[in-house]
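Below: the structure, in structure tokens.
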Amino acid sequence: MGAGKSPRHIVEWLIGNEIRVGKLYRAYAKHFPDHRTFWTALAGEEVEHASWLGKLASKVTEGSVLIDERRFNTAAIKTFSDYLERELDKVNKSGISLIGALSTALYIENLS
Numbered sequence: 110m111g112a113g114k115s116p117r118h119i120v121e122w123l124i125g126n127e128i129r130v131g132k133l134y135r136a137y138a139k140h141f142p143d144h145r146t147f148w149t150a151l152a153g154e155e156v157e158h159a160s161w162l163g164k165l166a167s168k169v170t171e172g173s174v175l176i177d178e179r180r181f182n183t184a185a186i187k188t189f190s191d192y193l194e195r196e197l198d199k200v201n202k203s204g205i206s207l208i209g210a211l212s213t214a215l216y217i218e219n220l221s
């Protein structure tokens, strides 16, 4: 997770997780070509979320938005990041069933 727990770093970690979710959904789109439109749409939403967080990061940097870093559990952010990496590895190395991919996506989307 990097050095420091500044508000800017926290937002950057959150951006990274949105990007990872998008990568996972794109991997699902590749793995399930019959459902490519569905997975690609979900991946696009994650790109949009990352963009919104990028705008928030800019406002944090300029000082127009304040974030209380004590409200963020950086260990949980890191744990989720690691989880996403493992899921992406699983898809790329051994594959996953459609039910498994849908279950993972439901889990991820219910976290927010």
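Under our numbering, the letters of the sequence shown match residues 110 to 221, in that order. Quick reminder that beta carbons are idealized off the backbone N, C-alpha and C, glycines included.
Within 10 angstroms of the Cβ of residue i, are there 16 or more other Cβ atoms? Answer buried if so, exposed if not.
{"i": "Ala185", "result": "exposed"}
{"i": "Ala150", "result": "exposed"}
{"i": "Glu155", "result": "buried"}
Could you give the distance in angstroms between the alpha-carbon of residue i and the alpha-carbon of residue j?
{"i": "Gly131", "j": "Glu171", "result": "28 Å"}
{"i": "Thr146", "j": "Val169", "result": "35 Å"}
{"i": "Ser212", "j": "His118", "result": "30 Å"}
Report the three-state DSSP secondary structure of residue i (helix, strand or coil).
{"i": "Ile176", "result": "coil"}
{"i": "Ser190", "result": "helix"}
{"i": "Phe181", "result": "coil"}
{"i": "Gly204", "result": "coil"}
Which whole-angstrom value describes the C-beta separation of residue i and residue j, a residue pair presumed to lie in contact below a C-beta threshold of 8 Å?
{"i": "His231", "j": "Val200", "result": "There is simply no residue 231 to check, as the chain begins at 110 and stops at 221 in what is shown."}
Between the segment 158-176 and the segment 125-145, do at least 3 Cβ pairs fall closer than 8 Å?
Touching, per the Cβ criterion.
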